[in-house]
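Taking it in order: structure first as structure tokens, then the write-up.
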Amino acid sequence: MAVTRISGLASGLDIDATVKKLMTAERIPLDKLNQQRQLVSWKQEGYRDVSSQLVTFLNDKLSNLSLSASINAQKTSITGDTSSVSATANGAAGGSTMNVKVSQLATATTVISSGSLDASGAKDGKGGKDGSLLKMSDVTGGDGSVSISIGSGTAINIDYKATDSVNDFVQKINMSKAGVTAIYDSGSGTMSITSNSTGSSAVTLKGNAFEKFKIASEVTNQSDTSTAVGTATIGKDAKVNINGLDMTQSSNQFTINGVQLTLNSVSPTNQSSQITVTSDNDKLVSSVQSFVDAYNSVLSLMNGKVGEERYNKYQPLTDEQKKDMSSDEIKLWESKAKSGMLKNDSILEQTISNMRTAMVQGVTLPDGKKISFAQLGISTGTYETKGKLFLDTDKLKSALDTNPNIVNDFFGTNNAASTQNNKFTENDGVIAKMKKVTRSALENMASTAGTSKVSSDTNAAFLVNSLLGTQLTSLDRQISDMTSRINDKETNYYKKFTAMESAMNRYNNQASSLASFR
412 MAVTRISGLA SGLDIDATVK KLMTAERIPL DKLNQQRQLV SWKQEGYRDV
462 SSQLVTFLND KLSNLSLSAS INAQKTSITG DTSSVSATAN GAAGGSTMNV
512 KVSQLATATT VISSGSLDAS GAKDGKGGKD GSLLKMSDVT GGDGSVSISI
562 GSGTAINIDY KATDSVNDFV QKINMSKAGV TAIYDSGSGT MSITSNSTGS
612 SAVTLKGNAF EKFKIASEVT NQSDTSTAVG TATIGKDAKV NINGLDMTQS
662 SNQFTINGVQ LTLNSVSPTN QSSQITVTSD NDKLVSSVQS FVDAYNSVLS
712 LMNGKVGEER YNKYQPLTDE QKKDMSSDEI KLWESKAKSG MLKNDSILEQ
762 TISNMRTAMV QGVTLPDGKK ISFAQLGIST GTYETKGKLF LDTDKLKSAL
812 DTNPNIVNDF FGTNNAASTQ NNKFTENDGV IAKMKKVTRS ALENMASTAG
862 TSKVSSDTNA AFLVNSLLGT QLTSLDRQIS DMTSRINDKE TNYYKKFTAM
912 ESAMNRYNNQ ASSLASFR
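Under this note's numbering, the first residue of the sequence shown carries the number 412, and numbering increases by one thereafter.
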């Protein structure tokens, strides 16, 4: 029930100030609960800062570095005929050499209509006066459908409306999954259909619209063909000789032994392209440096969190305390109060230890040979650097000259095992080890603080079902209950003062009445 609060006119007391003083002591336990809740919330945010960077480390850095193009980078050089062929090597190329001679490029099958249509649909050979106005109703008389297939592929049906223009019809063909490109020339009223892929595959076109345009209904011959209903040019396969072996390819771009070849033109007479594949040491050094930088960034963040000073005398400010402080004072105070939320945290300390162990442990190859990070020119510096890595690029380049596979062996060995579990062994490559360490840390933080295992968003919501999430739920319930009790007590104080004021008013009125009889 609402209580009417009256001023202390009868008693002369400042009732609001008196109640406020009485409630100050009552609010101390509530203030402590709110401060405790704020500390738990700040701890959650500290975990989220770390988890966000770990997710980035896992998804952006480790996943990119695990690609063979990063840890087994290869480059190609071409001598002799340098224009007829282009080459790009992937990690599977190895140190190969190819002698390539191109005798024929691959081309695509094309079908061209032999008839033409004007704006009224008449076949006068002059084309339309305005091809954009030619409607499918002029061509076929109504709604319809056509089908297109390449080789033995599935036929793709394309529906059109009588109200569609011919340009609309062409656009529907090009936007479909038929794998062809249609072109309509409004000037001549003719249409062409060209396969998007090269090679000697037949193109089959069926439907009333194609028949009206006088386009060949089916092209099956493996040579140029002229028919009564159109002209078809059958595509050709590429013909190439590689190291004395004649090959036929349906495309001008294909991969042999990890080398992607792109045929640009027929080789000049008595000339060939000599392609040599070697390790791309500059890219390998860049990849290792990228790993070192990403590792140091994550390690620095976690070392900073576990070593951050905790100022216990600086507790979260209450609303009443903030009223008497400037914004700069509040900011400075809270920076102290937030400090050290994850000081000596067991999850972060274990993660730091695991990351450093993964590096120091090195990698044991399947043949029993062991590679240490020092062999790649990587060191950890002095004790004060707390595990920070340093890369000697000159030493790494020297190691690559001696063993071109050393980066791939150290970082990529047994990389597929990274999905098995979160316990690494000396047989895992460093990337596999780091993935396992990172996943383990993310899982532990998710169960403890409710942080995301997949999102790097520092504003992402926390999971409720976590240790800290449960604590916050409990604190919220306690705060709500205590707030209700305090509000009831404050109301009760006002009731009592109101009753006192009412009694004193009655007394004063009675005293005034008695005084009037004298």
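Positions of the beta carbon are idealized from the N, C-alpha and C atoms, including for glycine.
What's the call for Asp575, buried or exposed, on a 16-neighbour Cβ count within 10 Å?
The count along the sequence shown starts at 1 and reaches residue 575 at position 164. Buried.
Which residues in the same chain have their Cβ closer than 6 Å to the Cβ of Ile789, if we skip the five residues on either side of it in sequence?
Position 378 of the sequence shown, counted from the start, is the residue given in the question as residue 789. Once the five neighbours on either side are set aside, the close Cβ partners of Ile789 are Leu800 and Leu802.
Under the three-state DSSP convention, the category Lys537 falls into
Against the sequence shown, residue 537 aligns to sequence position 126. At Lys537, the pLDDT of 41 sits below 50, so the modelled position is not reliable; the number obtained from the coordinates is stated separately. Of the three classes helix, strand and coil, the one that applies to Lys537 here is coil, per DSSP.
Select from Gln761, Thr729 and Arg917 the residue whose C-alpha is nearest the C-alpha of Asp442.
Walking along the sequence shown from the start, residue 442 turns up at place 31. Taking only the C-alpha atoms, the option nearest Asp442 is Thr729.
Determine the burial state of Glu740: buried for a count of at least 16 other Cβ atoms within 10 Å of its Cβ, exposed for fewer.
To locate residue 740, count along the sequence shown from 1; it is residue 329. By the neighbour-count rule (16 or more Cβ atoms within 10 Å), Glu740 is not buried but exposed.
Strand pairing of Ser556, partner residues [DSSP]
Taking the first residue of the sequence shown as 1, we reach residue 556 at position 145. Asp570, per the DSSP bridge assignment.
If you reduce the DSSP assignment to three classes, tell me which class Tyr595 lands in.
Reading the sequence shown from its first residue, position 184 is the one you call residue 595. It is a strand residue.
Between Tyr725 and the rest of its own chain, which residues show a CB-CB distance below 7 Å, the 5 nearest in sequence each way excluded?
Against the sequence shown, residue 725 aligns to sequence position 314. Cβ neighbours of Tyr725 beyond the five flanking positions: Trp744, Lys747 and Ala748.
Considering just the uninterrupted stretch of the beta strand (DSSP E) at Asp657, what are its terminal residues?
Your numbering for residue 657 matches position 246 in the sequence shown. Its beta strand (DSSP E) spans residues Leu656 to Gln660.
Could you have a look at Asn483 and say whether DSSP puts it in helix, strand or coil?
As a working mapping, residue 483 is identified with position 72 in the sequence shown. Three-state result, Asn483: coil.
Nonlocal neighbours in the same chain, by C-beta distance under 7 Å from Gln772, ignoring five residues either side
Start at 1 with the first residue of the sequence shown, and residue 772 comes out as number 361. Same-chain partners within the cutoff: Glu837.
Report the partner residues of Asn510 according to the DSSP bridge assignment.
As a working note, residue 510 is residue 99 in the sequence shown. Answer is Gln685.
Could you tell me how far apart the beta carbons of Ile817 and Leu787 are, in whole angstroms, since I believe they sit closer than 8 Å?
Within the sequence shown, numbered from 1, the residue matching residue 817 stands at position 406. Within the sequence shown, numbered from 1, the residue matching residue 787 stands at position 376. About 6 Å; that satisfies the 8 Å criterion.
Do Tyr905 and Leu433 have their beta-carbon atoms positioned less than 8 Å apart in this structure?
As a first step, residue 433 is located in the sequence shown; it is residue number 22 there, counting from the start. As a first step, residue 905 is located in the sequence shown; it is residue number 494 there, counting from the start. No.
Can you look up Gly840 in the DSSP assignment and give me helix, strand or coil?
Sequence index remark: in the sequence shown, residue 840 carries index 429 (1-based). Correct three-state label for Gly840: coil.
Assuming Ile604 is part of the alpha helix (DSSP H), what are its boundary residues?
Taking the sequence shown and counting its residues from 1, the one referred to as residue 604 is at position 193. Here Ile604 belongs to no alpha helix (DSSP H); instead the beta strand (DSSP E) covers Thr601 to Ser606.
Count the other CB atoms within 10 Å of the CB of Tyr571; is the residue buried (16 or more) or exposed (fewer)?
Here residue 571 corresponds to residue number 160 of the sequence shown, with the count starting at 1. That one is buried.
Start and end of the beta strand (DSSP E) containing Phe665?
Residue mapping note: residue 665 aligns to position 254 of the sequence shown, counting from 1. Its beta strand (DSSP E) spans residues Gln664 to Ile667.
Pull the bridge partners of Ile489 from the DSSP assignment, please.
Your numbering for residue 489 matches position 78 in the sequence shown. Bridge partners of Ile489: Ile686.
What's the gap between the Cα of Leu476 and the Cα of Ser606?
Counting from one through the sequence shown, the residue named residue 476 turns up at place 65. Counting from one through the sequence shown, the residue named residue 606 turns up at place 195. About 38 Å.
Let's test the definition: count the other Cβ atoms within 10 Å of the Cβ of Glu912 and tell me whether it reaches 16, buried, or not, exposed.
As a first step, residue 912 must be located in the sequence shown, where it is residue number 501. It counts as buried.
8 Å Cβ cutoff met for Met845 and Ile758
Your numbering for residue 845 matches position 434 in the sequence shown. Your numbering for residue 758 matches position 347 in the sequence shown. It is not a contact, given that the beta carbons lie outside the stated cut-off.
By how many angstroms is the C-alpha of Gly646 removed from the C-alpha of Pro815?
Reading the sequence shown from its first residue, position 404 is the one you call residue 815. Reading the sequence shown from its first residue, position 235 is the one you call residue 646. Roughly 42 Å between the two C-alpha positions.
Under the rule that 16 or more other beta-carbon atoms within 10 Å means buried, what is Met766, buried or exposed?
As a working mapping, residue 766 is identified with position 355 in the sequence shown. Buried: at least 16 other Cβ atoms inside 10 Å.
With DSSP as the reference, identify every bridge partner of Phe801, one or two as the case may be.
Here the question's residue 801 lines up with position 390 in the sequence shown. BP columns for Phe801 point to Ser790.
Buried versus exposed, by CB contacts within 10 Å (16 or more), Gly552:
Taking the first residue of the sequence shown as 1, we reach residue 552 at position 141. With fewer than 16 other Cβ atoms within 10 Å, it is exposed.
One or two residues paired with Thr680 in a DSSP bridge:
In the sequence shown, counting from the first residue as 1, residue 680 sits at position 269. For Thr680, which the question treats as bridged, DSSP gives no partner whatsoever.
Applying the criterion that 16 or more other CB atoms from any shown protein chain within 10 Å of the CB defines a buried residue, is Ser488 buried or exposed?
Translated into the one-based positions of the sequence shown, residue 488 becomes position 77. It counts as exposed.
Using only the alpha-carbon positions, how far apart do Ile559 and Ala566 sit?
Reading the sequence shown from its first residue, position 148 is the one you call residue 559. Reading the sequence shown from its first residue, position 155 is the one you call residue 566. Answer to the nearest angstrom: the Cα atoms are 5 Å apart.
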